[in-house]
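Participant:
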Amino acid sequence: MTHRLDPFYPVVDSADWVRRMLSAGARLIQLRVKDKPADVLRADVRTSLDLCAKAGANLVVNDYWEIAIDEKAQFLHLGQEDLDGADIGAIRRAGLKLGVSTHTHDELDRALSFGPHHVALGPIWPTILKQMPFAPQGLERIGEWKRLIGDRPLVAIGGLNPDRARQCLQAGADIVAVVNDVTGAADPEARAREWIEATREAA
246 MTHRLDPFYP
256 VVDSADWVRR
266 MLSAGARLIQ
276 LRVKDKPADV
286 LRADVRTSLD
296 LCAKAGANLV
306 VNDYWEIAID
316 EKAQFLHLGQ
326 EDLDGADIGA
336 IRRAGLKLGV
346 STHTHDELDR
356 ALSFGPHHVA
366 LGPIWPTILK
376 QMPFAPQGLE
386 RIGEWKRLIG
396 DRPLVAIGGL
406 NPDRARQCLQ
416 AGADIVAVVN
426 DVTGAADPEA
436 RAREWIEATR
446 EAA
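Position 54, counted from 1, in the sequence shown is what the working numbering calls 299; the numbers after and before it change by one each time, with no gaps.
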């Protein structure tokens with residue numbers, strides 16, 4: 246395995262948010278951009294990679310595998326639908342460390358067939374981020390997934406706050422991802438610091 250990834254994993258949608266999370270102390274950030282023109286998207290990825298490199302942090306690019314390859318990203322995250330159109334061979338040849346979202350045993354089997362670097366499981370709790378066709382997984386599923394994926398890092402996501410994140414880490418997750426609880430907070434940087442304190446203690 247490569248060096249251990251930080252347990253706090255904010256998911257944000259712009260280079261400006263990457264900058265803010267880095268200022269709060271984040272060391273592992275996912276850039277998940279939706280519905281932006283290609284040039285803006287590429288600029289966001291490039292800027293975010295540069296910011297993270299200077300801060301000694303890891304950036305995970307969501308979905309846009311071609312841009313991730315072009316911009317020499319180290320990490321890529323794909324959802325199940327994203328896998329359908331992705332060139333896994335090209336991703337492998339570029340040396341990208343691939344993370345894959347899973348919600349069911351079938352999806353986990355499919356994800357493991359691609360030899361991913363890490364696996365995400367969610368939603369652990371109900372989430373307001375998007376309508377989910379899947380029931381909340383619960384903490385017990387975390388331990389089950391961890392046994393099935395072996396020494397790969399397991400990411401828990403969905404409806405988390407610092408206390409729930411701590412529970413996920415105690416249940417076997419290695420990393421806890423967050424969207425709304427941080428970016429929707431009155432003071433996102435302060436909330437991120439609460440997460441960092443909670444998760445680095447628990448991990």
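For every residue, glycine included, the Cβ atom is placed at its ideal position computed from N, Cα and C.
Name the residue from L304, C413, P252, I274 whose alpha carbon lies nearest to the alpha carbon of I369.
Facilitator: Counted from its first residue, the sequence shown places residue 369 at position 124. Nearest C-alpha to I369: C413.
Participant: Using the DSSP secondary-structure output, state which residues sit across from A365 in a beta bridge.
Facilitator: Your numbering for residue 365 matches position 120 in the sequence shown. DSSP lists S346, V400 as partners of A365.
Participant: Is A401 buried or exposed, if buried means 16 or more other CB atoms sit within 10 Å of its CB?
Facilitator: Numbered from 1 along the sequence shown, position 156 holds the residue referred to as residue 401. By the neighbour-count rule (16 or more Cβ atoms within 10 Å), A401 is buried.
Participant: Quick one: is R338 buried, meaning 16 or more other Cβ sit within 10 Å of its Cβ, or exposed?
Facilitator: For the purposes of this step, residue 338 is taken as the residue at position 93 of the sequence shown. That one is exposed.
Participant: What residue does the alpha helix (DSSP H) around Q415 start on, and which one ends it?
Facilitator: The residue given as residue 415 occupies position 170 in the sequence shown. 407 to 416 is the span of the alpha helix (DSSP H), which, as asked, contains Q415.
Participant: Count the other CB atoms, across all protein chains shown, that sit within 10 Å of the CB of V285; report buried if there are 16 or more and exposed otherwise.
Facilitator: In the sequence shown, counting from the first residue as 1, residue 285 sits at position 40. So V285 ends up on the exposed side.
Participant: A447: which of H348, I420, A288, E316 sits nearest, CA to CA?
Facilitator: On the sequence shown, position 202 is the one that residue 447 refers to. Comparing Cα positions, the closest option is I420.
Participant: Thinking just about the alpha-carbon of each residue, which of R249, R272, G360, L321 is nearest to the one in W440?
Facilitator: If you number the sequence shown from 1, residue 440 lands on position 195. Residue R272 is the option with its Cα nearest to W440.
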